[in-house]
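Undergrad: Okay, here's the structure, questions in a sec.
Protein chains: 2
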Amino acid sequence: MYRELDRYLIISSDGHAGLPAAQYREYVDPEFRDAFDVALPIQIAATEAAAKSFLVDDINKKWREGNDYELSGAWDTDARIKVMDADGIAAEVLFPDGVTEMNAPPFGAGFSMGTEGVTSELQWAGCRAHNRWLAEFVSAAPERRIGLACIPVLWDIELAVEGVRWAKDNGLRGVVLPPMWGRFAPYHNACYDPFWEACQELNMPIHFHSGPSPINDYFGPMPPPEGYVPNQGAVGIYITEVAMWLTRPLTFMLWGGVFERFPKLKVALTEGTSIWVPEYLELLEQRYSETHYSMKLGDYRSHLSMSPVDYFKRNVKIGASCMPRREAELRHGTGVPQIMWGSDYPHPEGAWPFTREQVHETFQGLPEDEVGLMLGGNAAEFYDVDVEKLVPLVAKIGPEKASLRQS
Amino acid sequence: MYRELDRYLIISSDGHAGLPAAQYREYVDPEFRDAFDVALPIQIAATEAAAKSFLVDDINKKWREGNDYELSGAWDTDARIKVMDADGIAAEVLFPDGVTEMNAPPFGAGFSMGTEGVTSELQWAGCRAHNRWLAEFVSAAPERRIGLACIPVLWDIELAVEGVRWAKDNGLRGVVLPPMWGRFAPYHNACYDPFWEACQELNMPIHFHSGPSPINDYFGPMPPPEGYVPNQGAVGIYITEVAMWLTRPLTFMLWGGVFERFPKLKVALTEGTSIWVPEYLELLEQRYSETHYSMKLGDYRSHLSMSPVDYFKRNVKIGASCMPRREAELRHGTGVPQIMWGSDYPHPEGAWPFTREQVHETFQGLPEDEVGLMLGGNAAEFYDVDVEKLVPLVAKIGPEKASLRQS
Numbered sequence: 371m372y373r374e375l376d377r378y379l380i381i382s383s384d385g386h387a388g389l390p391a392a393q394y395r396e397y398v399d400p401e402f403r404d405a406f407d408v409a410l411p412i413q414i415a416a417t418e419a420a421a422k423s424f425l426v427d428d429i430n431k432k433w434r435e436g437n438d439y440e441l442s443g444a445w446d447t448d449a450r451i452k453v454m455d456a457d458g459i460a461a462e463v464l465f466p467d468g469v470t471e472m473n474a475p476p477f478g479a480g481f482s483m484g485t486e487g488v489t490s491e492l493q494w495a496g497c498r499a500h501n502r503w504l505a506e507f508v509s510a511a512p513e514r515r516i517g518l519a520c521i522p523v524l525w526d527i528e529l530a531v532e533g534v535r536w537a538k539d540n541g542l543r544g545v546v547l548p549p550m551w552g553r554f555a556p557y558h559n560a561c562y563d564p565f566w567e568a569c570q571e572l573n574m575p576i577h578f579h580s581g582p583s584p585i586n587d588y589f590g591p592m593p594p595p596e597g598y599v600p601n602q603g604a605v606g607i608y609i610t611e612v613a614m615w616l617t618r619p620l621t622f623m624l625w626g627g628v629f630e631r632f633p634k635l636k637v638a639l640t641e642g643t644s645i646w647v648p649e650y651l652e653l654l655e656q657r658y659s660e661t662h663y664s665m666k667l668g669d670y671r672s673h674l675s676m677s678p679v680d681y682f683k684r685n686v687k688i689g690a691s692c693m694p695r696r697e698a699e700l701r702h703g704t705g706v707p708q709i710m711w712g713s714d715y716p717h718p719e720g721a722w723p724f725t726r727e728q729v730h731e732t733f734q735g736l737p738e739d740e741v742g743l744m745l746g747g748n749a750a751e752f753y754d755v756d757v758e759k760l761v762p763l764v765a766k767i768g769p770e771k772a773s774l775r776q777s
Numbered sequence: 371m372y373r374e375l376d377r378y379l380i381i382s383s384d385g386h387a388g389l390p391a392a393q394y395r396e397y398v399d400p401e402f403r404d405a406f407d408v409a410l411p412i413q414i415a416a417t418e419a420a421a422k423s424f425l426v427d428d429i430n431k432k433w434r435e436g437n438d439y440e441l442s443g444a445w446d447t448d449a450r451i452k453v454m455d456a457d458g459i460a461a462e463v464l465f466p467d468g469v470t471e472m473n474a475p476p477f478g479a480g481f482s483m484g485t486e487g488v489t490s491e492l493q494w495a496g497c498r499a500h501n502r503w504l505a506e507f508v509s510a511a512p513e514r515r516i517g518l519a520c521i522p523v524l525w526d527i528e529l530a531v532e533g534v535r536w537a538k539d540n541g542l543r544g545v546v547l548p549p550m551w552g553r554f555a556p557y558h559n560a561c562y563d564p565f566w567e568a569c570q571e572l573n574m575p576i577h578f579h580s581g582p583s584p585i586n587d588y589f590g591p592m593p594p595p596e597g598y599v600p601n602q603g604a605v606g607i608y609i610t611e612v613a614m615w616l617t618r619p620l621t622f623m624l625w626g627g628v629f630e631r632f633p634k635l636k637v638a639l640t641e642g643t644s645i646w647v648p649e650y651l652e653l654l655e656q657r658y659s660e661t662h663y664s665m666k667l668g669d670y671r672s673h674l675s676m677s678p679v680d681y682f683k684r685n686v687k688i689g690a691s692c693m694p695r696r697e698a699e700l701r702h703g704t705g706v707p708q709i710m711w712g713s714d715y716p717h718p719e720g721a722w723p724f725t726r727e728q729v730h731e732t733f734q735g736l737p738e739d740e741v742g743l744m745l746g747g748n749a750a751e752f753y754d755v756d757v758e759k760l761v762p763l764v765a766k767i768g769p770e771k772a773s774l775r776q777s
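In order, the protein sequence lines correspond to chains A and B.
Quick note on the working numbering: the first sequence kicks off at 371 and runs consecutively.
Quick note on the working numbering: the second sequence kicks off at 371 and runs consecutively.
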């Protein structure tokens, strides 16, 4: 039994994997390879430009210096195993977009899957290419890799249902969906029911990963004033609103009755912190229980057999990337069973290569059973991981429980 | 000195006033009256349809029964004075949309001022009509009425600047702006600077009132499944997200440096509760102070000379409509100087006709100086109210301080 080990099983709920952009070519359906050849230099130029502004170049460069091999773990199976072993991580969930701006899948696939400036055929082709590669990558260490298929569910439900079946058949263990629906139907809309049904039947948890946020800076017919700094404040706005945009799909699903119709559907919200959860649950409960201010709007509860908070507790997990101590202290308001710690490797804001130190800082002195759940136990159950297979590995690389007892 | 009275000065930060739709005709610019005649029956039919679904008809009807005179206070000056006296309210802020679905100004004016399905010429015409009528309504009891002009600022800055100058010249004391910008520039964009400058110079506080929220239920090319219930869950989603949409303009202004450039600009966010404020301030402070996770995104602080929380405390007030006891208990996290109690008369979810009882329930036993600020002192300062003129009235109608001491 892994619980009897004197070390912690760590399953990171937030890892990223992806090929260098050019190498996706052979995974793209042959009929889209011409389009791939046209799009590739445009994609590379755009990501290089973004790296110079949005992603501050010198921070990224400095952080990467001397780490070429370790960061190649984004796509190289041996390098990734070495990195994970060194960090003490036994298994991990794999989202797309390896070192972010260098490893995005083609044609607007990835964890954002925006719907502007892309066609459904191309975005699907990009997702299929990534999913094929990821299935290979997972098969090199299947007990340690929980691969998530990119499913751009907004365009076409039948394709999405096919996509999740393909993913299950090919060893992937969940799906990533676009967190923003743009001009499409939000996730409370029953048009998605066939997809939720398939995910429930196949035990494929769905995931939303933070990232997109609608901040435009449009001037319309008006000329910008003198001395104008483009989009000033956008980063502050972005980091203030990031959890809000990640939470939106869940709010729609909870009130829309999705978990009433699909009681075993599993959802994870990743890298939006867990700090917002206690307040969010309080708000849901208040809105559900106190009807005085809303009764003029009509009945909004009778299609739900329980409170949105109860669905949350039953169906939802939080991918708590690089969870700081403060969030660990709020764990009872968030719900210990909800929390799945994540490393966010290989992103610069992630825990690597200091996972052992970060885990110590966050969890030291807390009850061992709770720490065990947050570091790996909850994820093991959520993803149905065969933990006994990981015991020999954990016995070697897992952080010692004793080390988290003392300060 | 009003503070020495043994009664509380109450200034409601949230009142609504507006004519029955048809009566706006004479206030509309002559060149838009033909359009008014075409639009009026459409507007009435649409609001009647909305009253049957969105606004549950029987609740509204029951609530109104026998209250025709009292509710005519939405536009009748004598009726309003009687209602306010009975409720113990000395003065109040006047937003548009009286009894909501019956008193919206023409052409999509009001506190939402959505930008879809309307032209700038018509929306402006609707706003001008309302503002003209409101200036008259205020002039009938100027010491008791703080009228807010509707300014659809998104379309044209020069018109907006003219609008706020007209409002000031005609006895109005602040402006209402659309809380959602749709396809237009968000409020961090410097194109709005000339408008902020005018509002600061004229000491005209700007207001965002809760209401709009983007919840569509679009099916796109897919047919709805059998047994589909349209937009199921939308009300729950709406009431969960309502404060979030109200907060968005402020988030953009805070990070965009608007209060850095216009240190005396005043903002109020109304009827979005105050429950979200402590968490929001904590989030702003965290995002401002802890830069580890965001530094890869670039410098986002050097255009601000202080923390967004400090701007909040200096420039922002919360219109805390029908504030429940729980929010009063959180007042120190929210900031006592930020809170302005509101009645929301004549809306069915408002405090009327039970303001005295609600105020007792919310504030009893709390320190008198804090209660005094939240009930009226903060609003008096924010709107530069000549409170000494109100002393004789407060001495007659204000709730006795002693009555809030006992339980």
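Here a beta-carbon is modelled for each residue, glycine too, at the ideal position from N, C-alpha and C.
#1: Determine which residues share a DSSP beta bridge with LEU639(A) and list them.
#2: Quick check on the burial criterion: 16 or more other C-beta atoms within 10 angstroms. Buried or exposed for ASP384(B)?
#3: Would DSSP call ILE609(B) helix, strand or coil?
#4: Closer than 6 Å by C-beta to THR621(B): which residues in its own chain qualify, once you throw out the five before and the five after it? Chain order, please.
#5: Could you compute how far the alpha carbon of LEU667(A) sits from the alpha carbon of LEU572(A)?
#6: On a Cα-Cα basis, can you pick out the residue from LEU542(B), GLY533(B), ALA495(B) and TRP551(B) that is closest to SER482(B)?
#7: Which bits of chain A does ARG657(B) rub up against, with CB to CB less than 7 Å?
#8: Let me know the secondary structure DSSP gives ILE516(A) once reduced to three states.
#9: What are the residues of the segment 660–681 of chain B that lie near chain A, defined by any Cβ-Cβ distance shorter than 9 Å?
#10: Straight-line CA distance for ASP756(B) to LEU616(A)?
#11: Taking CB distances under 8 Å as the criterion, tell me whether THR621(B) reaches chain A.
#12: Which runs of the beta strand (DSSP E) at least 3 residues long sit entirely within the segment 445–507 of chain B? Give them in chain order.
#13: Near GLU462(B), what residues of its chain come up, given a Cβ to Cβ distance below 6 Å and the 5 sequence neighbours on each side ignored?
#14: Taking any Cβ of chain B, which residues in the segment 495–525 of chain A have a Cβ under 8 Å from it, in chain order?
#15: Three or more beta-carbon pairs under 8 Å between the segment 744–763 of chain A and the segment 448–456 of chain B, yes or no?
#16: Just the Cα atoms here: how many angstroms apart are PRO694(B) and VAL408(A)?
#17: Anyone know if the C-beta pair for PRO678(A) and LEU639(A) falls short of 8 Å?
#18: Whole angstroms are fine: how far does the CA of ILE767(B) sit from the CA of PRO440(B)?
#19: Going by Cα to Cα distance, which pick from ASP754(B), GLY603(B), GLU506(B) and GLU567(B) is closest to ARG671(A)?
#20: Which chain A residues are close to GLY626(B), counting only those with a beta carbon under 7 Å from its beta carbon?
#21: Mind listing the chain B neighbours of ILE585(A)? Cutoff is C-beta to C-beta under 9 Å, in chain order.
#22: So what does DSSP say about MET558(B), is it helix, strand or coil?
#23: Taking Cβ to Cβ, would you say VAL599(B) is nearer than 8 Å to HIS577(B)?
#24: I'd like to know if GLU649(A) contacts chain B, where contact means its C-beta is closer than 8 Å to some C-beta of that chain.
#25: Excluding the 5 residues flanking TYR650(B) on each side, which residues of the same chain have their C-beta closer than 8 Å to its C-beta?
#26: With distances taken between CB atoms, is the gap from ALA444(A) to PRO716(A) smaller than 8 Å?
#27: So which residues of chain B does PRO718(A) contact, with C-beta pairs closer than 7 Å?
#28: Beta carbon of TYR378(B), beta carbon of LEU745(B): below 8 Å?
#29: ARG377(B) by DSSP, collapsed to three states: which one?
#30: For ILE598(B), which residues in chain A fall below 8 Å Cβ to Cβ?
#31: Could you tell me which of ASN748(A), ASN559(A), PRO718(A) and VAL508(A) sits nearest to ARG373(A), measuring between CA atoms?
#32: Whole angstroms is fine: what's the gap from GLU740(B)'s alpha carbon to GLY627(A)'s?
#33: Does LEU654(B) get closer than 8 Å to chain A when you measure Cβ to Cβ?
#34: Going by the beta-carbon positions, is the gap between ASN559(A) and PHE629(A) smaller than 8 Å?
#35: For my contact list, PHE348(B) and ARG514(B) are in at a C-beta cut-off of 8 Å; report their separation, rounded to the angstrom.
#36: So MET550(B) contacts chain A; which residues on that side make the cut at Cβ distance below 7 Å?
TA: Quick answer:
#1: PHE578(A) and ILE688(A)
#2: It counts as buried.
#3: Here ILE609(B) sits in helix by DSSP.
#4: none
#5: 38 Å
#6: TRP551(B)
#7: GLY606, ILE609 and THR610
#8: strand
#9: GLU660, HIS662, TYR663, SER664, MET665, LYS666, LEU667, GLY668, ASP669, TYR670, ARG671, HIS673, LEU674 and PRO678
#10: Straight-line measurement puts the Cα of LEU616(A) at about 46 Å from the Cα of ASP756(B).
#11: yes
#12: 461–465
#13: A distance below 6 Å between beta-carbons, with the five flanking residues on each side excluded, links GLU462(B) to the following residues of its chain, in chain order: SER382 and GLY385.
#14: none
#15: no
#16: Cα atoms of PRO694(B) and VAL408(A): separation of roughly 60 Å, rounded to the nearest angstrom.
#17: No. Outside cutoff.
#18: It should be pointed out that residue 440(B) corresponds to Glu in this sequence rather than to Pro. Distance between the alpha carbons of GLU440(B) and ILE767(B) is about 17 Å.
#19: GLY603(B)
#20: GLN602 and GLY603
#21: PRO556, HIS558 and PHE622
#22: Sequence inspection shows His at residue 558(B); the Met mentioned does not correspond to that position. The answer is coil: DSSP assigns HIS558(B) none of H, G, I, E or B.
#23: no
#24: yes
#25: THR617
#26: yes
#27: LYS666
#28: yes
#29: strand
#30: Before going on, a small fix: residue 598(B) reads as Tyr here, not Ile. Residues of chain A passing the Cβ test: ALA560.
#31: It is ASN748(A).
#32: Distance from the CA atom of GLU740(B) to the CA atom of GLY627(A), rounded to whole angstroms, is 42 Å.
#33: yes
#34: no
#35: The first residue shown for chain B is 371 and the last is 777, placing residue 348(B) beyond what the model contains.
#36: In chain order: nothing, as chain A lies at least about 11 Å away.
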